[in-house]
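Number of protein chains: 2
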Amino acid sequence: MAKRSRTAGAKRPSVYDVARLAGVSIATVSRVLRDSAPVATHTRRAVLAAADELGWRPSRLARAFVAQSHGAVGIVFPDLGGPYYSRVIAGFEATACERQAAVLILATHGRANAEELVGEFADRVDGLVVTGSTIDDASVAALARLRCPVVMLARAAVAGVPAVRAANGPSATRLARHVIEHGAERIVFLGDPELSPDVDERWQRIARALRAVGRDITRSPVRAHGFDAVHGYKAGLDLFAGGAAVDAVMCANDEIAGGVVRAAVASGRRVPDDVIVTGWDDSPLAAQMHPPLTTVHQPMHELGARAAALLFDLLDGAPASSVVLPTAVVIRGSCGCPTHLPSVTPSTKGKQ
Amino acid sequence: MAKRSRTAGAKRPSVYDVARLAGVSIATVSRVLRDSAPVATHTRRAVLAAADELGWRPSRLARAFVAQSHGAVGIVFPDLGGPYYSRVIAGFEATACERQAAVLILATHGRANAEELVGEFADRVDGLVVTGSTIDDASVAALARLRCPVVMLARAAVAGVPAVRAANGPSATRLARHVIEHGAERIVFLGDPELSPDVDERWQRIARALRAVGRDITRSPVRAHGFDAVHGYKAGLDLFAGGAAVDAVMCANDEIAGGVVRAAVASGRRVPDDVIVTGWDDSPLAAQMHPPLTTVHQPMHELGARAAALLFDLLDGAPASSVVLPTAVVIRGSCGCPTHLPSVTPSTKGKQ
DNA sequence: TTGTATGCGTTATCAC
DNA sequence: GTGATAACGCATACAA
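Sequence order for the protein chains is H and G.
Reading the first sequence from the start, the letters are residues 4 to 355 in the numbering used here.
Reading the second sequence from the start, the letters are residues 4 to 355 in the numbering used here.
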């Protein structure tokens, strides 16, 4: 009953204290708690009572130490915030939860000492998923070689390090062709390929698709130095300033696209009549935008889940090979296709 | 040179291995690594060489065990995603970094077993910051009593648990009065007070301010069951459907407000002419919206930083008392005040 | 069914 | 300057 306060500086009880109070050995205490071997009912009761009396709970620090395992897996992102990361995390957590493993999250925020941060982080988990542009291939390889099992996410596999990624290529090509079919002549890609291997692949494939039909594409002179709507808006403003002739803006993700649409409006251009805008990811916002955003669906939740599954295979010593998940172009209104607005029934307007 | 692979199942080397190879005792190895006592230069070199040869790095697990400290602090959010959390985390990390502590992040996602999750989490850190509506006061108190030092964030202090919060009250009152001055009669608050103590306070104060001048306010019949733009949009659509007479919508945060503005447009209403919209947080997006969003600035980065500072005080055994940070109403265009659009200079329109 | 003894990889306290 | 050795709190092989 006299559970001592843990913050009052009172030393926390150990197995020895519980064993002594219960009049048994520490082995028995451990057995009761872990349920690792049969224990007489009355003994078990005595142990439980003693543990409760002292407010004892086994030290995770000690447990992890003796088990030589953290009981946790980690996932590293360049940033947090935004629907993409949230959903990938959700998928990752779902799988980790099934495996009784805790999830640790690290965001490198493009800090210069990212390698160091990830290295520190690696010492706190049993295995690691590294996404996009956080640390370079050499660092990842080193990590996998002398720290812990590693899986890459949204990024190409490295020697000895399997990867989980979405098939960006086909959709990028398809999306580019679709934009061309709408008659776009001057097409701009908005997003910084150097910020993410995934984005780079999209950029490469889109550019190739356009060159194939004799079109040219410019990466925007004003790059979006980030993946959020604020960057997209600023970049869009610069892009549309001075009456530059731009037919279509293909964005690195949906948030950037959202910003570009607002920038277009602010600059007096209509979407899609004056300028086509496309996104990437198919985030929840995409369907709600005005016009609804044409984009590419990525299975974000599954990307996280599969990365976790792969990581646990590695931890189990099972063979693990890279996986590629399908993507799909989602045609909505921002590309110029006819669209059904979300079912709005305002009194001042007729249905639809 | 023959650094063994860590993933190949080869057992990682220990101090003993290094000591043996260097021909010294483990005490000396430890001394060299920690630089805790003078060691002869040639001995040090030998140790370093041996450590390098074996690719040895001291086990964090063992270190944490003997030090009885994780070297990490944690912060618990109801969710991730969105600018609010990102910036709070940034502030928290900045301070933790100064103190050489790692940062662990947990999102409870409104899961039913949140208490359990946070409890598990608490065992992995030396101290904890708990924000908003993650676990109830009783759980927090229990956590602080028998696990580790705890600080509350964006939430009232509990007995024995200090808190860091923003002064929502004054700004809520001021904002409400401002909306009234614009002639709004039918005002709706959009956001679920039950989702966050912070939001509840805003709702209470806004309602009080309106009653004080004989106005009434209704919490929206369709609550925004979340803090993102998607929820705001849906709630807005419902709100504006059927020609409901609504003068002003005061939102729980900027993302919801963004969704409401889009919903208003989709429903054929002009902002702010037909309906006033206000937000909360002053996220980066607020200034970019059309019209620019009238909102309340919260020092998000500092909230995180101060929470961390308070936590470290607690860990140091220093006295720590709650802190309240100021907020400020930011008047922009969405309330009906004249506004300067961001400097856009499209060719098709004159300046401004 | 229970107890004894040992190991896990460090750090720290002695004595030399 | 250096080496032996004792913790730290738990799990577990082996005895009884």
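Every residue gets a Cβ at the ideal spot worked out from N, C-alpha and C, and that includes glycine.
For T46 (chain G), the enclosing alpha helix (DSSP H) covers residues T44 to L57. For the region 292-308 of chain H, the set of residues with a beta-carbon nearer than 7 Å to any beta-carbon of chain G comprises H293, in chain order. Taking every protein chain shown into account, the CB of A53 (chain H) has 16 or more other CB atoms within 10 angstroms, so this residue is buried. Residues of chain H whose Cβ lies closer than 8 Å to the Cβ of G84 (chain G) are, in chain order, L83, G84, G85, P86, Y88 and S89. Here the region 227-238 of chain G makes contact with the region 257-266 of chain G; the two share three or more CB pairs at distances below 8 Å.
When C-alpha distances from R15 (chain H) are compared across H:P41, H:A30 and H:R63, the shortest belongs to H:R63. Scanning G:L242, G:T330 and G:G320 for the CA closest to the CA of D285 (chain G) turns up G:T330. Taking the Cα positions, G172 (chain H) is about 7 Å away from E204 (chain H). In the three-state DSSP reduction, L83 (chain H) falls in the coil class, being neither helix nor strand. Annotation: I138 (chain G) has no Cβ neighbours in chain H at a cutoff of 8 Å; minimum Cβ distance is about 17 Å.
In the displayed model, G307 (chain G) falls within a helix according to three-state DSSP.
Between L107 (chain G) and chain H, the shortest Cβ-Cβ separation is below 8 Å.
In this structure, R208 (chain H) keeps its C-beta atom at 8 Å or more from the C-beta atom of A251 (chain H).
Boundaries of the alpha helix (DSSP H) harbouring V121 (chain H): A117 to A125, taken from the DSSP string. In this structure the region 281-299 of chain H lies against the region 264-272 of chain G, because at least three pairs of beta carbons, one per stretch, are closer than 8 Å. For A67 (chain G), the closest Cβ of chain H is nearer than 8 Å.
Taken in chain order, the complete beta strand (DSSP E) segments of 3 residues or longer contained in the region 209-270 of chain H are 220-222 and 251-254.
Straight through space, the alpha carbons of V216 (chain H) and T342 (chain G) are spaced by roughly 46 Å. In the structure shown, A97 (chain G) adopts helical secondary structure according to DSSP, grouped into three states. Under the Cβ criterion of 8 Å, G58 (chain H) is counted among the residues facing chain G. The residue from G:L83, G:G130, G:V164 and G:A125 with its alpha-carbon nearest to that of A141 (chain G) is G:V164. One thing to note: L57 (chain G) has its Cβ within 8 Å of the Cβ of D20 (chain G). Chain G has no Cβ within less than 8 Å of the Cβ of E119 (chain H). In this structure H181 (chain H) is buried. Its beta-carbon is surrounded by 16 or more other beta-carbon atoms within 10 angstroms. Contact holds between the region 74-86 of chain H and the region 132-150 of chain H, because three or more Cβ pairs, one in each stretch, are under 8 Å apart. Cβ contact annotation for H300 (chain G) (same chain, cutoff 7 Å, sequence separation greater than five): D285, T330, A331 and V333, in chain order. Using a CB distance cut-off of 8 Å, R127 (chain H) counts as an interface residue toward chain G. Annotation for A166 (chain H): the continuous beta strand (DSSP E) segment containing it runs A166 to A169. Chain-order list of chain H residues neighbouring Q71 (chain G): L64, by C-beta distance under 7 Å.
Residue environment: G85 (chain H) is assigned as buried (16 or more neighbouring CB atoms within 10 Å of its CB, all protein chains considered).
Here T44 (chain H) is exposed, its C-beta having fewer than 16 other C-beta atoms within 10 Å. With respect to the 8 Å criterion, V167 (chain G) and L318 (chain G) are not classified as neighbours on the basis of their beta carbons. Between V106 (chain G) and A67 (chain G), the CB-CB gap reaches or exceeds 8 Å. In the three-state reduction of the DSSP assignment, A75 (chain G) falls in the strand class, which pools E and B. Counted as a single uninterrupted DSSP element, the beta strand (DSSP E) harbouring A110 (chain G) occupies residues A105 to A110. At a cut-off of 8 Å between beta-carbon atoms, I92 (chain G) makes contact with chain H.
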